[in-house]
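Presented below is the structure to which this report refers.
Chains as they are written, first to last, in my numbering: chain A, 1 to 596; chain B, 1001 to 1123.
Dropping the structure here:
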């Protein structure tokens, strides 16, 4: 067998694939062949490294050199210089945005330094389509351990002791959930994995499924053994084609090796996993709606109790956890509950994966210990706000969560502190906003999302969110009235109290939290008919400043004929005619036109 | 796969293939400057890779480096065993490779007639 001296890891996550990593791989392989290096240098496709902003990412081992934004045109230099002669291609290295220094090594980058990778430990380092890579990294050892050395009760005790809580949103203790399902009467029980990730800006679960699918399968199998189940479903949305493909590959490989299927490790335990593709309705992330959808019915929630642990899929006891929760399980079994419980805060243990998006420099995935502050995530890992603008707020927990202002940046993050602050952990989406964001507009955006995704079964959610959205739309159109804020608050309380499922119960959160922390912006819209961030178009006023040279370009471009003025003298905008399209601002060569 | 022992045996075999993504082990460094390549560094590199494969050695990384200025002594090959000084061999020919690997890399004995430098690296 040929000795392979170098591995070139090319990210094949969804982010890097869309920035061209497939073409890059092909180019690397053909260039290596041309140089006669094919046999000694291996090109390995991996899952997501989390640093999607900088993709396509390439890591060259044994040196561990980290290259960013590698293009097909860079391949000849990369192969000739680094892989043939061993010289690092400096211009493709990552530069820290703060110090502008080049950082050759992966682990020295600020983005990774503060992270603690438990769930994402393998993501970006193994080939997710090759089960051998997972096994080499210690995979399926935990399953082997529980099947040969532990009773189901011991497994549940270990998970309870670890303090693991559901990573899908609510934060219910995982060990307790498993215990309820185990103790529920019935011969047939199910394990269900909720991979219906639908929050705007969230892609944690997708990256785990794409980057390390076997970890999720192993966690599910351990759960199956603990609760006495032999069959499982992964409910994953059809718009995650790469995740589905890799899951299918992973299941087939595990079955071929006898790590899933009948009589695993000769223990008598059998476990089969099916994939159910969802059509992408947000409400199907709610567990009872999800179960309905697996059964082939319309995805609508039903009242609880009975909880799925008692009566779930086809009326049988069912344990539902999300992707990240299952992905935590193998490590807890291998390293022990005490190790896991040593990470995090008093009541929230372990790590959490966050998806960083919005106006942040380092868009990507970050796994951090619970109890870290928002400031560390946004400014140290995330590299701060784009274009040096000021931080304004961060939306955490998706449409069910809330917006936290600058004053909350030093809050240690865990399940309970976030609820107290008016937000929630949710699945872990973080949308960062800068000074140019209008908070009323943000509330409207999220409410628009939940309102469209409401399944329509219960009145408070169906009607309530629609009426709230109407009020918000009115406010942003400059037609707000005194009392609107109080009306919004009172409706929000009713909807939270009376809705059937989590979607309705949390839908008003973005409105409530923006009122709580940015009430003055609402008041500016309602009383002064002014949008302080200059976002709400109907409230904007266009003004030409003294910088105007009177060139007349704006007058020419204005589609409404709202601009007047003599050549070489300052022009004017007629607010009555202005349609606020912004064409004049884009055209003006002197930056003389401002939107206020 | 029937038992947990099967899994562990498979893992042990597989780990040798992904090990080079983790640091550690003995390093063999080949001088790949223009002078090195002109003196036949690629052929020496190929011989090293062949020898490692033939002996099924584990825990070894093969790297390249640029010109260090001793151009007339090329091809230069450095061997660094963990915790030991960096030894530079000069005028290495593909036929010398089996000796260097058998003596130094595997057994820790220097091949004196080829040594041109010894560097104590700060720990």
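Backbone N, C-alpha and C fix where the C-beta goes; we use that ideal spot for every residue, glycine too. As the structure is a computational prediction, the values presented were derived from the model and not from experiment.
Can the beta-carbon of residue i be found closer than 8 Å to that of residue j?
i: residue 1084/B; j: residue 1039/B; result: no
i: residue 329/A; j: residue 244/A; result: no
i: residue 140/A; j: residue 1020/B; result: no
i: residue 490/A; j: residue 169/A; result: no
i: residue 411/A; j: residue 510/A; result: no
i: residue 285/A; j: residue 198/A; result: yes
i: residue 499/A; j: residue 554/A; result: no
i: residue 138/A; j: residue 275/A; result: no
i: residue 630/A; j: residue 75/A; result: With chain A represented from 1 up to 596, any question about residue 630/A goes unanswered, as that position is not in the structure.
i: residue 246/A; j: residue 200/A; result: no
i: residue 407/A; j: residue 174/A; result: no
i: residue 61/A; j: residue 93/A; result: no
i: residue 440/A; j: residue 514/A; result: yes
i: residue 383/A; j: residue 111/A; result: yes
i: residue 572/A; j: residue 508/A; result: no
i: residue 1101/B; j: residue 1063/B; result: no
Would you say residue i faces chain D, with C-beta separation under 8 Å as the test?
i: residue 1004/B; result: The structure shown contains no chain D; its protein chains are A and B.
Which residue marks the beginning of the alpha helix (DSSP H) containing residue i, and which one marks its end?
i: residue 594/A; result: No alpha helix (DSSP H) holds residue 594/A; the beta strand (DSSP E) holding it covers 593-595.
i: residue 254/A; result: 241-256
i: residue 511/A; result: 509-527
i: residue 321/A; result: Run containing residue 321/A: none in the alpha helix (DSSP H); it sits in the beta strand (DSSP E), 318-322.
i: residue 576/A; result: Looking at the DSSP string, residue 576/A is not in any alpha helix (DSSP H), and its letter there is neither H nor E.
i: residue 1036/B; result: 1034-1038
i: residue 145/A; result: 141-149
i: residue 51/A; result: Per DSSP, residue 51/A belongs to no alpha helix (DSSP H) and is neither H nor E.
Within 10 angstroms of its Cβ, does residue i collect 16 or more other Cβ (buried), or is it exposed?
i: residue 1013/B; result: exposed
i: residue 1123/B; result: Because residue 1123/B carries a pLDDT of 46, less than 50, the predicted location of this residue cannot be relied on, and the following value inherits that uncertainty. Exposed.
i: residue 543/A; result: exposed
i: residue 205/A; result: buried
i: residue 115/A; result: buried
i: residue 9/A; result: buried
i: residue 1052/B; result: buried
i: residue 178/A; result: buried
i: residue 1106/B; result: exposed
i: residue 367/A; result: buried
i: residue 151/A; result: exposed
i: residue 547/A; result: exposed
i: residue 124/A; result: buried
i: residue 1119/B; result: exposed
i: residue 12/A; result: buried
i: residue 404/A; result: buried
i: residue 280/A; result: exposed
i: residue 1134/B; result: Any question about residue 1134/B goes unanswered here, given that chain B covers just 1001 to 1123.
Along the beta strand (DSSP E) that carries residue i, what are the first and last residues, could you check?
i: residue 272/A; result: 272-278
i: residue 352/A; result: 351-358
i: residue 1063/B; result: 1060-1065
i: residue 25/A; result: Unbroken run through residue 25/A is the alpha helix (DSSP H), 21-34; no beta strand (DSSP E).
i: residue 7/A; result: 6-11
i: residue 66/A; result: 65-67
i: residue 1028/B; result: 1026-1031
i: residue 157/A; result: Looking at the DSSP string, residue 157/A is not in any beta strand (DSSP E); the run it does join, the alpha helix (DSSP H), is 152-162.
i: residue 362/A; result: Run containing residue 362/A: none; DSSP gives neither H nor E here.
So which residues on chain A does residue i lean against when the C-beta distance must stay under 7 Å?
i: residue 1021/B; result: 7, 61 and 125
i: residue 1018/B; result: 133 and 136
i: residue 1014/B; result: 132, 135 and 136
i: residue 1086/B; result: Ordered by position in chain A, no residue passes the 7 Å Cβ test against residue 1086/B, which lies about 16 Å from the chain.
i: residue 1110/B; result: Here the premise fails: no neighbours, minimum Cβ distance about 23 Å.
Output, in chain order, the set of chain B residues within a Cβ distance shorter than 7 Å of residue i.
i: residue 87/A; result: 1066
i: residue 259/A; result: 1001
i: residue 144/A; result: 1004 and 1007
i: residue 40/A; result: 1049
i: residue 3/A; result: 1049, 1052 and 1053
At 8 Å on the CB atoms, spell out the chain B contacts of residue i, in chain order.
i: residue 140/A; result: 1007
For a contact meaning CB atoms closer than 9 Å, what does residue i contact in chain B?
i: residue 265/A; result: 1001, 1002, 1003, 1004, 1006 and 1007
i: residue 148/A; result: 1003 and 1004
task = Could you list the residues in the region 1028-1052 of chain B with a C-beta less than 7 Å from some C-beta on chain A, going in chain order?
result = Listed by position, the residues of the region 1028-1052 of chain B near chain A (Cβ gap below 7 Å) are 1032, 1049 and 1052.
query = Can you list, in chain order, the residues of the region 55-82 of chain A whose Cβ is nearer than 9 Å to any Cβ on chain B?
reply = Within the region 55-82 of chain A, the residues whose Cβ lies closer than 9 Å to some Cβ of chain B are 59, 61, 62, 63, 64 and 82, listed in chain order.
message = Output needed in chain order: residues of the region 204-226 of chain A with a Cβ under 8 Å from some Cβ in chain B.
response = If the cut-off is 8 Å between Cβ atoms, the region 204-226 of chain A has nothing near chain B.
key: Residues in the region 1058-1077 of chain B having any Cβ partner in chain A nearer than 9 Å   = Taking 9 Å as the Cβ-Cβ cut-off against chain A, the residues of the region 1058-1077 of chain B that qualify are 1060, 1061, 1062, 1063, 1064, 1065 and 1066.
inquiry  = Residues of the region 328-342 of chain A in Cβ contact with chain B at a cutoff of 8 Å, in chain order, please.
reply    = Answer set for the region 328-342 of chain A: empty.
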